[in-house]
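**Q** Dropping a structure here in structure tokens format, bear with me for questions.
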Amino acid sequence: MEADVESGGLPSFSLVGLPDPAVRESRERVRSALVNSGFKFPMHRITANLAPADLRKAGPGFDLAIAAALLGASGQLSPQRLSRIALAGELALDGSIRPVPGILAMTEAARELDAEAIAVPAPNAPEAALAGEPRVVPLVRLEQLALLGTEDEPLAPQGPMWRANGAGPTAPDLADLRGQPYLRYALEVAAAGGHSLLIIGPPGAGKSLAARRLPSIMPPLSRSEAMEVLRIASACGRSPGPDAPPTRPFRAPHHTISTAGLVGGGSPPRAGEVTLAHGGVLFLDELGEFSREALEALRQPLEEGRVTIVRARHAIELPCRFMLVAASNPCPCGRGEESGECDCQPASARRYRAKLSGALADRIDIAIPVECPSAEEMGAAPTSDSASVRQRVIAARERQEHRLGSGRCNAEMSLAELRSSSAMTGKATAMLAAGHTQLGLSGRGHDRVLRLSRTIADLEGAGRVSADHVARALTLRRRGLD
Amino acid sequence: MSDEHGRVWGTRRGEPGYPAALLDLRADAPDRLFGCGNRTAIEGLELGHTVTIVGSRRASSYGLGVAEDLGRLLAAAGLVVVSGMARGIDAAAHRGALAGGGTTLAVLGGGADVVYPTSERRLYRDILTSGAVISEAPPGQRPEAGSFPKRNRIMAALGAITVVVEAAQPSGSLITARQALGLHREVGAIPGPVTSRVSEGTNDLIIDGAALIRGAQDVLDRLLGVGIEGIRRCGPPLERDLARVAEAVELGSGTCDAVAVALGAPPQEAAIALARLELLGYVRTDAAGRYARSPLIPPGGDAAP
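Heads up: the protein sequence lines correspond to chains Z and D, in order.
At position 410 of the first sequence the residue is numbered 410 (this note's numbering), and the sequence of numbers has no breaks.
At position 197 of the second sequence the residue is numbered 1197 (this note's numbering), and the sequence of numbers has no breaks.
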């Protein structure tokens, strides 16, 4: 950010460096804010430049920096004092400073640039303080710029009070899920191995209720994961309060979502749902209703854990490691053929089935059919809550990390890792071979069963995969087109 | 093909693996038969338990749907579905049979290792996993125009009944139907709209006395007897516990939870039992993973469907 104030010539204020409309309008905000804060607006020919010149600048966050550059260039503030300080914030006409999104990432960028301090809007200060470095100066009004570097400089808030944690205090608990013990088990296996999951059943069977409870049984976020989650939330303007621990996100986009909305895109590029779900769960209700393009676009993110958005001038890469949970009705009317009440046209039911079995077939490990719980089950006492399931999941994940390395899980195992880590009993090998010949398991289906067996064994703390583990994996596996 | 399923095997007339049904062609029976895929699919072929489904390449969505449903339900009932892997009706019938978890045989005009039409490469691969692709043409031979009518006689002979789903007038499918009649096989046809060109042939067949087929049950009625829903084969021995689980599935428990409730056991135990039953062939699953009982009966037969 640089500004030049030329004496002589007609008074004017130009802003260069590819500003978008919000940045361009910054001139008017800066002018009023300066005047209303007791500074003088220099009546000269002013040029403010946002570098680098070929990168598009968007949003109102540049106001504070533009105002500071102007004040420096016109000699109202010491340019030397301002030179090593990063600034971010939107100005109101009366000179007060408004919060902006993305403060955490900006503070980290300031640290990279070796800035001495970063001046941020006071409401954003706790978030900025999470970065640890550099010094954070919370500002309420523009005139406080004069205090920068002096003894009267406003003090930064204390460091983060939260501990890294997976579920917030109010996260929905698995105990709410009545009946459905096998669905509960499928969730546990999915969480333990990072396997994506498809739940098929009629409306009211608790599909989305179950999916929403998955974050509560996933292991807590590590410190670095928590920072990533916060950074993304902050950049998208959904920063949680400074006191709330970052929780694993749960995103449930509607099935009419565009491809760009799902994986990111637009100009300037925006993060999609996959990135917002980073570290947490992406829930696709009515999987069969999502557009084919949107589902196809999910492949790269699912496989690589990051998504690349390419624009004419540049490409950005965003993280998106999430667990996929999909749900679907068994047929278009939702009642399912076996209920005897299905009134779907056979042709439309067939199309629906075909789309469902084709959708992300090779990316979803587990498929589980569910039914509506009976009245007794609804009234029964809850069998287990999230905390106890989570203990087992954490133990299983630890075994995987021990084998595969930090932060990795069974769902991501390469073929070589899969072979080397799957010591099996003789009976287990025989059962898997029988699956190949009797059930026509494809190569991919075979690997899927092996992966799931490994996770099931990890949940039980077993070193070797037994026939019972393979049998359960055979039941859980996603069938249909491999 | 480097794929292990791509290895071609062969059988000669008079050898034990040669399908007996082809002998009805008498002098016209192929001397040699080549195949790819699961050899037992052809060696274990049982007279009377096969259905040949043929029809137009340029089928309507109605025809494609009917063919797929027929393939699926008949394969699930235990019949072997025979067709020619052509685009349209043939491919739909094969696809249905695979979806039904059954065995399907494709009879090709060219060599059994030459994928034709090439657009059905994926289907070809899927057929090889459980069924087989056979041909009298030597391996590597490309199909020619003249090889298809010859191939049709093999399809006609293999099927205990030949069902024509959609056919224009004239068409190769009608040739197959005529050959089936010549072999004293049953012929059935799916009725279609009188305005549809691809139903002209099938509607004519019905006027000429072919069986009117409305769905899988009509075929089963003719082959197995009225009202019989599938072939009952004797399965491998069944432990007592597993037999109880099979019974629970038969009474309508389609999920692990439902079976667990029926048996009073934890669902993880039910899952293990269901997987074992599926491997033994006593239960089957749909794409959603719901279980249903197969027509297989345990030795001793006390739990017949």
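We put the CB at the ideal spot given by N, CA and C, even for glycine.
Which partner residues of residue 4 of chain Z appear in the DSSP bridge assignment?
**A** Mapped onto the first sequence, residue 4 of chain Z falls at position 4. Per DSSP, Z:47.
**Q** How big is the Cα-Cα spacing for residue 399 of chain Z and residue 458 of chain Z?
**A** The residue you call residue 399 of chain Z lines up with position 399 of the first sequence. The residue you call residue 458 of chain Z lines up with position 458 of the first sequence. Using only the alpha carbons, I get a separation of about 7 Å.
**Q** Quick check: what's the CA-CA separation for residue 1167 of chain D versus residue 1204 of chain D?
**A** Taking the second sequence and counting its residues from 1, the one referred to as residue 1167 of chain D is at position 167. Taking the second sequence and counting its residues from 1, the one referred to as residue 1204 of chain D is at position 204. So the alpha carbons of these two residues sit roughly 10 Å apart.
**Q** Considering only DSSP beta bridges, list what residue 1245 of chain D is partnered with.
**A** Numbered from its first residue, the second sequence carries residue 1245 of chain D at position 245. Answer is none; residue 1245 of chain D lacks a bridge partner.
**Q** Check the Cβ of residue 200 of chain Z against every Cβ in chain D and list those closer than 9 Å, keeping chain order.
**A** Locating residue 200 of chain Z in the first sequence gives position 200, counting from the first residue. Near residue 200 of chain Z (Cβ distances below 9 Å), the residues of chain D are 1287, 1288, 1289 and 1290.
**Q** For residue 284 of chain Z, return the contacting residues in chain D, with the cut-off set at a CB-CB distance below 9 Å.
**A** Numbered from 1 along the first sequence, position 284 holds the residue referred to as residue 284 of chain Z. Simply none; closest approach about 16 Å.
**Q** Taking residue 390 of chain Z as the query, report the chain D residues whose CB atoms sit under 7 Å from its CB, ordered along the chain.
**A** Numbered from its first residue, the first sequence carries residue 390 of chain Z at position 390. None at all; the shortest Cβ gap to chain D is about 18 Å.
**Q** To the nearest angstrom, how far is it from the Cα of residue 362 of chain Z to the Cα of residue 477 of chain Z?
**A** For the purposes of this step, residue 362 of chain Z is taken as the residue at position 362 of the first sequence. For the purposes of this step, residue 477 of chain Z is taken as the residue at position 477 of the first sequence. Rounded to whole angstroms, residue 362 of chain Z to residue 477 of chain Z spans 11 Å at the Cα level.
**Q** Closer than 7 Å by beta-carbon distance: list the chain Z residues that pair up with residue 1256 of chain D, in chain order.
**A** Taking the second sequence and counting its residues from 1, one reaches residue 1256 of chain D at position 256. Simply 182 and 475.
**Q** Cβ of residue 1133 of chain D within 8 Å of Cβ of residue 1112 of chain D?
**A** If you number the second sequence from 1, residue 1133 of chain D lands on position 133. If you number the second sequence from 1, residue 1112 of chain D lands on position 112. Yes.
**Q** Give the interface partners of residue 1217 of chain D over in chain Z, defined as CB-CB distance under 9 Å, in chain order.
**A** Looking up residue 1217 of chain D in the second sequence gives position 217. The contacting residues do not exist; residue 1217 of chain D stays about 14 Å from chain Z at best.
**Q** Rounded to the nearest angstrom, what separates residue 1265 of chain D and residue 289 of chain Z at their Cα positions?
**A** The residue you call residue 1265 of chain D lines up with position 265 of the second sequence. The residue you call residue 289 of chain Z lines up with position 289 of the first sequence. Those two C-alpha atoms are separated by around 36 Å.
**Q** Going residue by residue through the segment 186-243 of chain Z, where are the continuous alpha helix (DSSP H) segments of at least 4 residues, counting only ones entirely within it?
**A** 207-212 and 223-235
**Q** Under a three-way DSSP split, which group does residue 289 of chain Z fall into?
**A** Here residue 289 of chain Z refers to the residue found at position 289 of the first sequence. Correct three-state label for residue 289 of chain Z: helix.
**Q** Closer than 8 Å between beta carbons: that is the criterion. Which residues of the segment 335-356 of chain Z meet it against chain D?
**A** 338, 346, 347, 350, 353 and 356
**Q** Using a C-beta to C-beta distance shorter than 7 Å, which residues of chain D count as neighbours of residue 500 of chain Z?
**A** The structure shown does not extend to residue 500 of chain Z, since chain Z spans only 1 to 482, so no value can be given for it.
**Q** Just curious, the beta strand (DSSP E) that residue 942 of chain D is in, first and last residue?
**A** No statement about residue 942 of chain D is possible, as the shown extent of chain D runs from 1001 to 1305 and does not include it.
**Q** Opposite residue 1167 of chain D in the DSSP bridges: which residues?
**A** In the second sequence, counting from the first residue as 1, residue 1167 of chain D sits at position 167. Per DSSP, none; premise fails for residue 1167 of chain D.
**Q** Label residue 108 of chain Z either buried or exposed according to how many other C-beta atoms from any shown protein chain fall within 10 Å of its C-beta, with 16 as the threshold for buried.
**A** To locate residue 108 of chain Z, count along the first sequence from 1; it is residue 108. By the neighbour-count rule (16 or more Cβ atoms within 10 Å), residue 108 of chain Z is buried.
**Q** Can you check whether the CB of residue 119 of chain Z is closer than 8 Å to the CB of residue 142 of chain Z?
**A** By one-based count along the first sequence, residue 142 of chain Z stands at place 142. By one-based count along the first sequence, residue 119 of chain Z stands at place 119. Against a cut-off of 8 Å, the Cβ pair of residue 119 of chain Z and residue 142 of chain Z comes out as no contact.
**Q** Could you check if residue 314 of chain Z is buried or exposed, using at least 16 other CB atoms within 10 Å of its CB as the buried criterion?
**A** Here residue 314 of chain Z refers to the residue found at position 314 when the first sequence is read from its first residue. Answer is exposed; the Cβ neighbour count stays below 16.
**Q** Go ahead and pull the three-state DSSP assignment for residue 1018 of chain D.
**A** Taking the second sequence and counting its residues from 1, one reaches residue 1018 of chain D at position 18. If DSSP states are grouped into helix, strand and coil, residue 1018 of chain D belongs with coil.
**Q** Check whether the Cβ atoms of residue 1202 of chain D and residue 1209 of chain D sit closer than 8 Å, and answer yes or no.
**A** Along the second sequence, one-based indexing puts residue 1202 of chain D at 202. Along the second sequence, one-based indexing puts residue 1209 of chain D at 209. Not closer than 8 Å, so no.
**Q** Applying the criterion that 16 or more other CB atoms from any shown protein chain within 10 Å of the CB defines a buried residue, is residue 298 of chain Z buried or exposed?
**A** Indexing the first sequence from 1 puts residue 298 of chain Z at position 298. A residue is called buried when at least 16 other Cβ atoms come within 10 angstroms of its Cβ; residue 298 of chain Z meets this threshold and is buried.
**Q** Who are the neighbours of residue 1279 of chain D on chain Z, taking C-beta pairs under 8 Å?
**A** Within the second sequence, numbered from 1, the residue matching residue 1279 of chain D stands at position 279. Neighbours of residue 1279 of chain D on chain Z, chain order: 431, 434, 435, 438, 439 and 474.
**Q** Work out the CA separation of residue 179 of chain Z and residue 384 of chain Z for me, nearest whole Å.
**A** If you number the first sequence from 1, residue 384 of chain Z lands on position 384. If you number the first sequence from 1, residue 179 of chain Z lands on position 179. Going by the C-alpha atoms only, they are around 11 Å apart.
**Q** Who are the near neighbours of residue 94 of chain Z in its chain, counting only those whose CB is closer than 6 Å to its CB and skipping five residues on each side?
**A** On the first sequence, residue 94 of chain Z is found 94 positions in, with the first residue counted as 1. Excluding residues within five positions, the ones whose Cβ falls inside 6 Å are 36.
**Q** Output, in chain order, the set of chain Z residues within a Cβ distance shorter than 7 Å of residue 1065 of chain D.
**A** Position 65 of the second sequence holds residue 1065 of chain D. The contacting residues are 346, 347 and 350.
**Q** Which of the three DSSP states is assigned to residue 1256 of chain D in this structure?
**A** Indexing the second sequence from 1 puts residue 1256 of chain D at position 256. In this structure, residue 1256 of chain D counts as helix in the three-state DSSP scheme.
**Q** Under 9 Å, CB to CB, which of the residues in the segment 192-220 of chain Z have a partner in chain D?
**A** 198, 200 and 201
**Q** So, at 7 Å on beta carbons, what are the nonlocal neighbours of residue 27 of chain Z in its own chain, with the 5 sequence-adjacent residues on each side left out?
**A** Along the first sequence, read from residue 1 onward, the residue named residue 27 of chain Z stands at position 27. If we look at residue 27 of chain Z and ignore the five residues flanking it on each side, its Cβ neighbours are 13 and 15.
**Q** Let's test the definition: count the other Cβ atoms within 10 Å of the Cβ of residue 1190 of chain D and tell me whether it reaches 16, buried, or not, exposed.
**A** As a first step, residue 1190 of chain D is located in the second sequence; it is residue number 190 there, counting from the start. With 16 or more other Cβ atoms within 10 Å, it is buried.
**Q** Given that residue 188 of chain Z touches chain D, what residues does it touch there, using C-beta distances under 8 Å?
**A** Here residue 188 of chain Z is taken as the residue at index 188 of the first sequence, counted from 1. Ordered by position in chain D, no residue passes the 8 Å Cβ test against residue 188 of chain Z, which lies about 10 Å from the chain.
**Q** Using a cut-off of 7 Å between C-beta atoms, extract the partners of residue 1268 of chain D located in chain C.
**A** This model lacks chain C altogether; the protein chains it does include are Z and D.
**Q** Could you give the distance in angstroms between the alpha-carbon of residue 136 of chain Z and the alpha-carbon of residue 451 of chain Z?
**A** Position 136 of the first sequence holds residue 136 of chain Z. Position 451 of the first sequence holds residue 451 of chain Z. About 47 Å.
**Q** For residue 1286 of chain D, I'd like the list of residues in its chain whose CB is within less than 8 Å of its CB, leaving aside the five on either flank, ordered along the chain.
**A** As a first step, residue 1286 of chain D is located in the second sequence; it is residue number 286 there, counting from the start. Taking C-beta separations shorter than 8 Å and ignoring five residues to either side along the sequence, the partners of residue 1286 of chain D in its chain run 1292, following chain order.
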